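Going left to right, the sequence shown walks through residues 3 to 139 as this note's numbering numbers them. Beta carbons: idealized from backbone N, C-alpha and C, even for Gly. Because the structure is a prediction, the values reported are computed rather than measured. Before any comments, here is the structure.
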Amino acid sequence: MSKKLSAGEYVASYCTKCKMDLGHTVIVMDGEKVLRVKCKTCGSEHKHKDNTIKRAAAKRKTSSVKKAAPAKSVERRWDEAIAKAKGEETPYSMKRAFELGDVVVHDIFGKGVVLELSPKKMTIIFKDKERVLVSAN
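Rendered as structure tokens:
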């Protein structure tokens, strides 16, 4: 049994400004239907967006959409890059220029391989993910 709402009461709604499900005060009703609400967090007034309807729609969308399988896992790509890498391990420094395929050792991210070079930065693949770092290139 659902509680009958009236203007001035509390209702959960999706806030279009905060981008979250939050507590709102009912401002306008049409019969038993909530039309407009006021966010208790930011004070914005907007149409009522029932969070239960939104979640049900999201479940429908995700179940019907096929997700593409990742081509290769990052760890597998990292293993392949390490196998193809050239030269000795070099400590990472923003002031140093690197070349494609160089093995770089970062204090926080660990060992990685340079995949791409662009002005003043480079893309390095580490065991957990690819990162763009500053370089003297």
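Exercise. Over the uninterrupted alpha helix (DSSP H) stretch that includes Lys86, give me the two end residues.
Key: What you label residue 86 is simply residue 84 of the sequence shown in a count that begins at 1. Note, Lys86: alpha helix (DSSP H), Val76 to Lys86.
Quiz item: Are the CB atoms of Asp81 and Tyr94 nearer to each other than 9 Å?
Solution: Position 79 of the sequence shown, counted from the first residue, corresponds to residue 81. Position 92 of the sequence shown, counted from the first residue, corresponds to residue 94. No, they are not a contact pair.
Quiz item: With a CB to CB cut of under 7 Å and the five nearest residues on each side skipped, what residues in its chain are close to Lys129?
Solution: In the sequence shown, residue 129 corresponds to position 127, counting from 1. Glu77, Trp80 and Gly112, listed in sequence order.
Quiz item: What separation, rounded to the nearest whole angstrom, lies between the Cα atoms of Lys42 and Thr27?
Solution: Position 40 of the sequence shown, counted from the start, is the residue given in the question as residue 42. Position 25 of the sequence shown, counted from the start, is the residue given in the question as residue 27. Cα to Cα, Lys42 sits roughly 7 Å from Thr27.
Quiz item: With C-beta atoms as the reference, is Leu7 less than 9 Å away from Met31?
Solution: Indexing the sequence shown from 1 puts residue 7 at position 5. Indexing the sequence shown from 1 puts residue 31 at position 29. It is a contact, given that the beta carbons lie within the stated cut-off.
Quiz item: Roughly how many angstroms separate the alpha carbons of Glu101 and Lys122, rounded to a whole number?
Solution: As a working note, residue 101 is residue 99 in the sequence shown. As a working note, residue 122 is residue 120 in the sequence shown. Roughly 12 Å between the two C-alpha positions.
Quiz prompt | Boundaries of the beta strand (DSSP E) in which Ser120 is found, first to last residue | solution = The count along the sequence shown starts at 1 and reaches residue 120 at position 118. From DSSP, the beta strand (DSSP E) with Ser120 extends over Gly112 to Ser120.
Quiz item: The beta strand (DSSP E) with Leu7 in it runs from where to where?
Solution: Taking the first residue of the sequence shown as 1, we reach residue 7 at position 5. Where Leu7 is concerned, there is no enclosing beta strand (DSSP E), given that its DSSP letter is neither H nor E.
Quiz item: To which residues of the same chain is Glu34 closer than 6 Å at the C-beta, ignoring the five residues directly before and after it?
Solution: Your numbering for residue 34 matches position 32 in the sequence shown. Nothing listed; no residue qualifies.
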